[in-house]
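Presented below is the structure to which this report refers.
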Amino acid sequence: MFGGAMKKESKSTKDTGHSFADYFKRALNPLLVLLLLSEQPMYVYEMMREISKRSDGRYTISLLYPVIQRLLSQGYVCEGQKAISDDNRVRQYYEITSDGISYLRQIEAVYAEMSKAIQQIHQNTGGGNA
């Protein structure tokens, strides 16, 4: 859905160079990162893999570092331990903070409310048959 189903947006990308899917993903990425980190500390590549895996490959994030940096600066995540992988790479783990958990609950509520409103609008317009 988010990786390939929305490729035909030539008119909508004309002005900005970004598709609806790009903007939608940008808004959802912090939610997904915080959801994962609410389960356990993770490093960036692990989060990217997990998001792709849990969405059966339909949702991918190629640039997660800017999302992490923004969440760090907002105090919603913090750096955890560093570990050395088998191939001698340093893996920086990230953890959700208590403020991050509060923020996650807020954005989950907003997402649920918006999703509900969109479904209701969709149902009240004949199911979206345009």
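According to the numbering used here, the sequence shown is numbered sequentially starting from 485. C-beta: ideal position from N, C-alpha, C; glycine also. As the structure is a prediction and not an experimental result, all values here were calculated from the model.
Review point. Taking C-alpha atoms, which residue in L555, A601, L547 and R533 lies nearest to L518?
Key: L555
Review point. Hey, out of A505, Y507, S522 and S503, whose CA is closest to E592's CA?
Key: S522
Check your understanding: Could you give the distance in angstroms between the alpha-carbon of E534 and the alpha-carbon of G584?
Key -> 19 Å
Review point. Using DSSP with H/G/I as helix, E/B as strand and the rest coil, what is E639?
Key: Because the chain in this structure spans residues 485 to 614, residue 639 falls outside the shown range and cannot be described.
**Study point:** 8 Å Cβ cutoff met for Y577 and Q565
**Key:** yes
Review point. Rounded to the nearest angstrom, how far is the Cβ of P514 from that of V551, given a contact under 8 Å?
Key: 6 Å
Check your understanding: What residues match up with Y578 in a beta bridge as DSSP calls it?
Key -> M526 and E563
**Study point:** Under the three-state DSSP convention, the category I602 falls into
**Key:** helix
Review point. Are I580 and Y560 closer than 8 Å when you measure CB to CB?
Key: yes
Review point. For the alpha helix (DSSP H) that contains S557, what are its first and last residues?
Key: Y549 to S557
Practice item. Starting from I568, follow its DSSP beta bridges and name the residues at the other end. Key: V574
**Study point:** Three-state class that DSSP yields for I545 in the structure shown
**Key:** coil
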